[in-house]
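Counting from 1, position 82 in the sequence shown corresponds to residue 633 in this note's numbering; the numbering is continuous, with no gaps.
Backbone N, C-alpha and C define an ideal beta-carbon position, used for all residues, glycine too.
Just below is one structure, and these are the notes that go with it.
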Amino acid sequence: IVDAPVKPSQIRGEYLRKNIHKEWCCGSDEFIKLFAYSLPEAITVHVDVDFAFYQPMDDLYDAILYDANTVEGRLARSRIQMERPHDPLPAKIDAFVTRDWPQVIPGRKAMFQAGFLVARHDPSIVEQVKDVILEGNFTGGYQRENGWGSAGYGGYVGAMAMQGLMAYFYDIVRPNTAVEVNQCRYNHMGMDIRYRHAPNFQKKKKALHGKCRNDSPDDVCEDCMVTDVDKIFNVHYTQCRKPWNCIGQGHPGGRKVKPADSIDTNAGNFDHCMKLIRKWHDTRADFEKQLYDITKDRSILEGQSGSYKTEYFVGHCN
């Protein structure tokens, strides 16, 4: 157990020092994620707790482990599913990330989605990022010159914490070392990537309505709301709600009676979300079966006796 690498009182920049505690979700405590880079393994996979893996990520691991000019390295790189397939790959890949495009107004900087990271072991990153935090060069507001380094890395959820910080770090401080993978296949959230609903939707910006948020030069972006479930490597259960919360209804805005009691059908597809929810519950049921086969403890199976929408929750909900 370790403390966060930086205390707010240590930050020299006044705006960040006085406001970091307000940042969603975790304020300066989220910086503890930086210690993932110092874990002893050659590669670290760091994800949030509301995350599930459904396919192996060997190509990402091999692209980090093997040099670009080796047979293994070339093969792994050829299989990487990138957000913009024509982006050049760096000579040495230190990390794979996704960006939080569903928050972005087209043409503005995108934060990283801090619930997913595949990274090379490199403790020096902890100290280098810590120096950026301690300097505290962060400009508040929603203008283009906001955020970290006054370079536009601000104004969105998580901007003062890991989401904005690591986007700034890999874009400005250590450029050409991280690769952005396809957000519909990795760290999948099932959110609408076109600019037509909240978050951060402005009716007055009519010229931007319907455009891809992901900086695609040809306005081409995969519709994550209907991505084939069999093509998804892993899922981050955010937009589709937590599977254990047993939410089996959809409603525009995500609120039918009380906040967050529904899947937001403005930002996602209800049927797609329920397929993902079913996949999580199938995985849980399979684990319960295997655990019962080993222990013969019938109390393990009692959790499958629920009757609420069993076509999605397979008995785990009432």
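Suppose you measure from the CA of V557 to the CA of Y788; what does that come to, to the nearest Å?
Approximately 29 Å, taken between the alpha carbons.
Is there contact here, the segment 604-620 with the segment 694-710, by at least three beta-carbon pairs under 8 Å?
Not touching, per the Cβ criterion.
If Y737 sits next to G761, beta carbons under 8 Å apart, how far is it from one beta carbon to the other, in whole angstroms?
Wrong, their Cβ atoms sit about 25 Å apart, outside the cutoff.
Below 7 Å CB to CB, which residues in the same chain sit around S856 once its five sequence neighbours on both sides are set aside?
If we look at S856 and ignore the five residues flanking it on each side, its Cβ neighbours are G866.
Who pairs with E773 in a beta bridge, going by DSSP?
Per DSSP, none; premise fails for E773.
Going by DSSP, name the residue or residues bridged to G866.
DSSP, once it has assigned bridges, lists no residue as partnering G866.
Just how far apart, CA to CA, sit T816 and P559?
The alpha-carbon atoms of T816 and P559 are separated by roughly 38 Å.
What is the rounded straight-line gap between the Cα of I631 and the Cα of N733?
In a straight line, the C-alpha of I631 is about 9 Å away from that of N733.
Out of C791, K756 and D766, which has the shortest C-alpha to C-alpha gap to D601?
With distances taken between Cα atoms, D601 lies closest to C791.
Skipping 5 residues on each side, what residues in its chain have a beta carbon closer than 6 Å to that of E581?
Taken in chain order, the residues that qualify are A712 and M713.
Any contact between the segment 650-670 and the segment 582-591? By contact I mean 3 or more CB pairs, one from each, below 8 Å.
With the cut-off at 8 Å, the segment 650-670 and the segment 582-591 touch.
Going along the chain, which residues of its own chain have a beta-carbon closer than 8 Å to the beta-carbon of T690, five neighbours each way excluded?
Cβ within range, chain order: Y566, E696, N697, G698, S701 and G705.
Is H832 helix, strand or coil by DSSP?
Note: H832 maps to helix in three-state DSSP.
Compare the C-alpha of K809 against each of G819, Q753 and I798 and name the closest.
Ranking G819, Q753 and I798 by Cα distance to K809 puts I798 first.
Using CA coordinates, which residue listed in Y863, M662 and T728 is at the minimum distance from W795?
The shortest Cα separation from W795 among Y863, M662 and T728 belongs to Y863.
Which class does Y843 belong to by DSSP, given the choice of helix, strand or coil?
Three-state result, Y843: helix.
So what does DSSP say about F752, is it helix, strand or coil?
Coil.
Keeping to the same chain, check which residues put their C-beta closer than 6 Å to that of Q800; ignore five residues upstream and five downstream.
Answer for Q800: S813, listed in chain order.
Quick one: grab the DSSP three-state call for T861.
In this structure, T861 counts as helix in the three-state DSSP scheme.
Within the chosen definition, does the segment 718-734 reach the segment 653-666 through at least 3 CB pairs nearer than 8 Å?
The answer is yes - the segment 653-666 touches the segment 718-734, with three or more Cβ pairs under 8 Å.
How is V786 classed by DSSP in three states: helix, strand or coil?
It is a strand residue.
Are N727 and P641 closer than 8 Å when you measure CB to CB?
Yes, the pair counts as a contact, with Cβ atoms nearer than the cut-off.
Please name the residue in S767, M740 and L759 whose C-alpha comes closest to that of H748.
When each option's Cα is compared against that of H748, the closest is L759.
What are the partner residues of I872, as DSSP defines its beta bridges?
Not covered by the structure: residue 872. The range shown for the chain is 552 to 869.
Residues in its own chain within less than 6 Å of D613 by CB, not counting five upstream and five downstream?
Correct list, in chain order: E623 and A627.
What does a CB cutoff of less than 8 Å around N785 pick up in its chain, not counting 5 residues either side in sequence?
Only V598, F602, A603, F604, Y605, Q606, M608, F667, Y737, N738 and H739 meet the Cβ criterion.
By how many angstroms is the C-alpha of M742 removed from the C-alpha of T778?
Near 10 Å, if we compare the C-alpha coordinates of M742 and T778.
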